[in-house]
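Residue numbers (the numbering used here): 48 to 938.
Here is the structure:
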């Protein structure tokens, strides 16, 4: 009796106290509280324990996938393998030896994720060292582990939508602790034979439901207690009187339970649009999503369809554009249905144009994120719809589609039709979407090639827009569409241009160069913004340089003065400038203008970041040097792969040009203390090679150029030529040029000439006279070429010698200082500099408080004047000795 009173519910105690007002003894110290007795002690089976452990680890792995934490994912995967090994006896017993489907699904998802991460090269470069190492280990372990489950994974991939076993099976039962009666709410005991259903959570989305069903909800416990009250009324009536208050409480509990069930149904189901029978359909939705807006109704059966009705319906459909709950796919279907209605009733070109333009806008709106690329299926639809719209515009001369037309100024019933809209903006956005699609594809896959085939369709659409805009003759719009066409044309090589220059193709054949000239000159004359003109000039220079029109390209660069103003342009224009200068340098190199080629490429190569300057990829940066937003913006500026310039080709041309300039200069100023560097990058490569104690045969492109430079310093032109032109270098660099044999022949000729100059600079002090036929034979050059090179060196005072035409010899004057004299002059210059700096420091300490007179304190100036006079005297004596020797030889 006391136990029943101690464990009674609150409602019972209140009702009894209100009715009888009986004094109640205090509870004993050892009496259990209500909470302790209400707790249900549950014993879980081994299957439940093992499966719950597996599902928890799978949830962790999925969370780590979202944040791409490869290190934590690796440790969780190892835990998953150990947990499954523990669960193997249960699997063999319960599943008849078959692997649980949810476990196979986890392995398949993990394999797809690891393969995707491994193929993303840019993403792997930006990974931390720990994550990159964990990704490699994870890939190896997963491939090895999944071999045991190949058949199960194959079956899963064949039927991926089939639910897991845990969802199909009935919810397993969890037995109560013992067969004896255990205490439950309200002081009522339940027999041990009764069971409580407890489903095993199988997925992340079912966590809330699994927890409620496993531990039991309040409504279930309340209903159970009410049933027990009905069973044990006879016992309770012996001690308590059932009052009306208890009945009210039961009714409230029932109402709460019904309300909760109704809310649960509303959360789990979505009411769709009623059908023709007037009854609605119920569609089950997992996890509960936002309710989409209702589908607008089409025309009534007895409605008279005309232009105004269709336009009103179009406005109604487009009014939902951009709203949060709008179903974009359904909106496109409605517009297509509206178009079919307009075509069936032949409402005219104006209504069709407006609907087709609305469909194009709806396809653009389907992708909510502007930075992401469009899905391929919608890209195909977009191309088709744009083509249909432009065909309609070109086929209807009295149809005008312009954004200058106001909404109330539209005319769609009778010609001339006027529709508000801008087809140029749509085409520009289509072109940008095409670039995004190319960037999303792997450039080394067939998918990229297939996507690149769409460029012909994009170019056709641009041509149609150009034809339509030429009919309207709006200069600003024409400049914009011309520039779009230029950007699809300027980087493409046309062999017909070179054949036309050589006379193989008649002059009346239209080539890409003539098209570029026409489009660019129109922009030069009609454009009102500097940006379009600048981009047109850069594209024009690029196209000229690509087709070896060196002088035209150089003149355009010099006349435009772009070097002075390009730093104030937007980043995409600066990228185009860098690409143009790169090809201008390659063009100068093909024309044997080595100095111009070096000057064009030096700004790109000296920074060490030509890849970023040409927008062909991002170099890995240290932490906090580039934020995620900056990285995202820079990735959007990257050029598609088919527009890339070979970086190894650029670097090789730059280093070879620097070698041909730097090595003769170093030989001419070997003992000059104030010698300047022409190319810092090449100089560093040369010095790093000289510091090595053991230098093996060259392997990379840079090592080949450095080895060639060392051979040229000794005048060995054949070794230099073999290092520059060989099978490995041909495959890497020289075969990439158009007419590669001409480039190799030009390069061999330059190496011979510069090797001759280097030889004369290095060994002129050894000879009294040199025979020009011997030099021509040594360097395999024509005698006239050798005569020309030596004459230029004498005129420029680079070589102190004279030519003896009867004997065909070069007579050395011997006026150059010897090695010891050069070192002495260097020491003198350094000592003078040291004394000058010392005197400046001394004067700064003294403070210069005295006023110098004409002959007082001007020691440094006197010494500088003396040194200048001494140099003049030295030069005068050298000229006299040279003249004297010439006179002697002439006599």
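All residues carry an ideal CB built from backbone N, CA and C; glycine is no exception.
8 Å contact criterion, which residue i and residue j should meet: CB distance rounded
i           : j           : result
residue 760 : residue 710 : 6 Å
residue 400 : residue 440 : 7 Å
residue 471 : residue 512 : 6 Å
residue 724 : residue 751 : Between residue 751 and residue 724 the Cβ distance is about 21 Å, and since that is not below 8 Å, they are no contact.
residue 753 : residue 816 : Residue 753 to residue 816, Cβ: 34 Å. No contact.
residue 634 : residue 600 : 6 Å
residue 375 : residue 409 : 7 Å
residue 573 : residue 526 : 6 Å
residue 641 : residue 707 : 5 Å
residue 840 : residue 804 : 7 Å
residue 499 : residue 429 : The Cβ separation is near 17 Å, so there is no contact.
Coil, strand or helix - residue i by DSSP
i           : result
residue 930 : helix
residue 742 : coil
residue 209 : coil
residue 560 : helix
residue 10  : Residue numbering for the chain in the displayed model covers 48 to 938; residue 10 lies beyond these limits and cannot be assessed.
residue 646 : helix
residue 829 : coil
residue 164 : helix
residue 170 : helix
residue 772 : coil
residue 780 : coil
residue 686 : coil
residue 666 : coil
residue 115 : coil
residue 327 : Low per-residue confidence applies at residue 327: pLDDT is 42, beneath 50, and the placement is therefore not dependable enough to give any value.
residue 788 : helix
residue 554 : coil
residue 110 : helix
residue 141 : helix
residue 761 : coil
residue 136 : helix
residue 724 : coil
residue 146 : coil
Extent of the continuous beta strand (DSSP E) to which residue i belongs
i           : result
residue 818 : 816-818
residue 858 : 856-859
residue 850 : 848-851
Range of the contiguous alpha helix (DSSP H) that encloses residue i
i           : result
residue 466 : First-last for residue 466: 464-467, but that is the beta strand (DSSP E), not the alpha helix (DSSP H).
residue 578 : 577-593
residue 452 : Residue 452 -> no alpha helix (DSSP H), and no H or E assigned at all.
residue 392 : From DSSP, residue 392 is part of no alpha helix (DSSP H); its letter is neither H nor E.
residue 374 : Taken as a continuous stretch (DSSP letters only), residue 374 belongs to no alpha helix (DSSP H), as it is neither H nor E.
residue 705 : 694-715
residue 943 : This structure gives no information on residue 943, because the portion of the chain shown stretches from 48 to 938.
residue 183 : 176-193
residue 357 : 354-366
residue 18  : In the structure as shown, the chain begins at 48 and stops at 938. Residue 18 is therefore absent and cannot be evaluated.
residue 350 : Taken as a continuous stretch (DSSP letters only), residue 350 belongs to no alpha helix (DSSP H), as it is neither H nor E.
Are the stretch 133-142 and the stretch 162-178 touching by the rule of at least three beta carbon pairs closer than 8 Å?
By the Cβ rule, the stretch 133-142 does not count as touching the stretch 162-178, because fewer than three pairs are nearer than 8 Å.
Is there contact here, the stretch 844-854 with the stretch 875-887, by at least three beta-carbon pairs under 8 Å? no
query: Counting Cβ pairs closer than 8 Å, one from the stretch 123-134 and one from the stretch 99-111, do we hit at least three?
result: yes
Query raised in the report: Should the stretch 818-836 be regarded as contacting the stretch 678-692, the criterion being three or more beta carbon pairs within less than 8 Å?
Result: no
**Q.** Segment contact flag, the stretch 397-411 with the stretch 423-436, C-beta cutoff 8 Å, min 3 pairs
**A.** Enough Cβ pairs lie closer than 8 Å, so yes.
Next item on the list: Only counting runs of 3 or more residues, tell me where the beta strand (DSSP E) segments fall wholly within the stretch 467-543, in order along the chain.
Entry: For the stretch 467-543, not a single whole beta strand (DSSP E) run of length 3 or above is found.
Exercise. For the stretch 395-448, list the alpha helix (DSSP H) runs that are entirely contained and at least 4 residues long, ordered along the chain.
Key: 396-413 and 423-442
* Asked: Whole alpha helix (DSSP H) runs in the stretch 606-655 with 4 or more residues, listed along the chain?
  -> 609-612, 618-637 and 641-653
Please confirm if the stretch 611-622 is in contact with the stretch 567-586, defined as three or more CB-CB distances below 8 Å between the two stretches.
yes
* Asked: How do the stretch 649-668 and the stretch 687-694 stand: do at least 3 beta-carbon pairs fall below 8 Å, yes or no?
  -> Segment contact: the stretch 649-668 against the stretch 687-694, three or more CB-CB distances shorter than 8 Å; contact assigned.
query = Is the stretch 558-565 touching the stretch 498-513, taking contact as three or more C-beta pairs under 8 Å?
reply = no
- prompt: Would you call the stretch 464-481 and the stretch 445-456 in contact, with 3 or more CB pairs under 8 Å?
  reply: yes
Between the stretch 769-784 and the stretch 793-806, do at least 3 Cβ pairs fall closer than 8 Å? With a cut-off of 8 Å, the stretch 793-806 and the stretch 769-784 count as touching, because enough Cβ pairs lie within range.
Exercise for review: State whether the stretch 194-201 contacts the stretch 152-164, with contact taken as three or more CB pairs (one from each stretch) at a distance under 8 Å.
Suggested key: yes
>> Does the stretch 590-610 come into contact with the stretch 540-548, if we say contact requires no fewer than three beta-carbon pairs (one atom in each stretch) closer than 8 Å?
In response: yes
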